[in-house]
Amino acid sequence: MGVISDQLLELDSQGRSLIKKEFGVQVTAEIRIGTSTDLIPPIRKSFTERAPHLVSKIESLIPDLDGIYLKDTHEIWIVQGRGEKFQTIVHEMLHSIQKCFPNRENIVDFLVYKLTGLNDSILPEVLTEWIEIEKSIGLKNVKKLLLSEGDCEEF
Amino acid sequence: MAIHHPQKTRNEDYLDKTLGTPSAQKILRFLVCWEKLPYRDLIVKSGLSESNVYLTLKKLQQSGVVKSDVRGIYQLSEDEFTQSFKTAYSVLLKRIISQNLYEISRQIDVVSPEKITDQLLYLKDAYKPFIEKFYSKKYSSLIGGLINSI
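Chains A and B supply the protein sequences, listed in that same order.
For the first sequence, the numbering used here begins at 49 and goes up steadily by one.
For the second sequence, the numbering used here begins at 320 and goes up steadily by one.
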């Protein structure tokens, strides 16, 4: 496991402040940093018992991770170098406070876009869809959806 | 009255019969994405038979769209037509990948993790250079979503 740099500490602090301000919720997940190899044990532990037959396939995907929130341990893992970006940190922090299920991914992508103004990680299809949803129910209610039990796209 | 039937030139005939075939479209798709590919990789990625790949590559080379500077390694030619085709096809390929990733994002909490895993692995195997260049963040977030859905 790596040492958290001052830069990452700063991004972490900014992310927590932003989410507290926008959602009124404190992010409590701990942030950890490591290489893709460091991520293998905690990720493997999070699902091996439930799906041992998927271990090798999923391990082959781990090098493509920038970061991940692990709900089992309530930790945010950031991949050294590639994951040390504000968007990635905010994305994983949003997953850490998210209550809605299913359809977890696109609502988070949209909220990252709205909170950071950065659109290079949101698919055009998702952006188009969620701009319409925001027009229909308002951003305040999109944020409420994230924090509510039930389908993230049930509005 | 004599009816004039314009005769296609040899080059036009090759383009009509080679570029438009499903096999050619598959091979060209991978060459657009990967820039250069060995013969064996083209067979594996396209899922076409070896004889089909062999014949299609031969026709594509004869039409001047594909070249092989190094034996067994294939790439698109540098002529104006092929490069324009590459630009257009890159846009199309990005849309195909984006659509695939969007479908996965809609399925990730409702379809079996086995299926999602295989879909993600297929995309990586087929289109890794484009995923890394244009969709790495989205791909990463879908892996995270998959792991947390198990």
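Beta carbons: idealized from backbone N, C-alpha and C, even for Gly.
As the structure is a prediction and not an experimental result, all values here were calculated from the model.
Per the Cβ contact rule, the segment 86-100 of chain A is not in contact with the segment 142-160 of chain A (fewer than 3 Cβ pairs under 8 angstroms). Near chain A, meaning a CB-to-CB distance below 8 angstroms, no residue of the segment 375-395 of chain B qualifies. Listed by position along chain B, the residues whose Cβ is nearer than 7 angstroms to that of D54 (chain A) form an empty set, because the closest Cβ is around 24 angstroms away.
The continuous stretches of beta strand (DSSP E) do not include K188 (chain A), which lies in the alpha helix (DSSP H) extending over residues L187 to L195. For the C-beta of N467 (chain B), the chain A residues within less than 9 angstroms are, from N- to C-terminus, S94, F95, I116, Y117, L118, K119, D120, H143 and R152. Contact note: I462 (chain B) reaches chain A through L109, D112 and L113, using a C-beta cutoff of 7 angstroms and chain order. Contact annotation for R64 (chain A) against chain B: no contact, minimum CB-CB distance about 19 angstroms [criterion: below 9 angstroms]. Exposure of F149 (chain A) is indicated by the presence of fewer than 16 other C-beta atoms within 10 angstroms of its C-beta. Residues are counted here when their Cβ sits less than 7 angstroms from a Cβ of chain B; for the segment 72-85 of chain A the count is zero. Within the segment 342-387 of chain B, the complete beta strand (DSSP E) runs of at least 3 residues fall at 355-357. Contacts with chain B at 8 angstroms (Cβ-Cβ) include S169 (chain A). In the DSSP assignment, V127 (chain A) falls within the unbroken beta strand (DSSP E) covering E123 to V127. R152 (chain A) places its beta carbon less than 8 angstroms from that of C200 (chain A). Contacts with chain B at 8 angstroms (Cβ-Cβ) do not include F158 (chain A). The CB of L412 (chain B) never comes closer than 7 angstroms to any CB in chain A; the least such distance is about 14 angstroms. Distance between G198 (chain A) and Q55 (chain A), taken at the CA atoms: about 36 angstroms. The beta carbon of L412 (chain B) sits closer than 8 angstroms to the beta carbons of R348, V351, C352, Y446 and F449 from its chain, once the five residues preceding and following it are set aside; these are given in chain order. When DSSP states are grouped into helix, strand and coil, E78 (chain A) belongs to the strand group.
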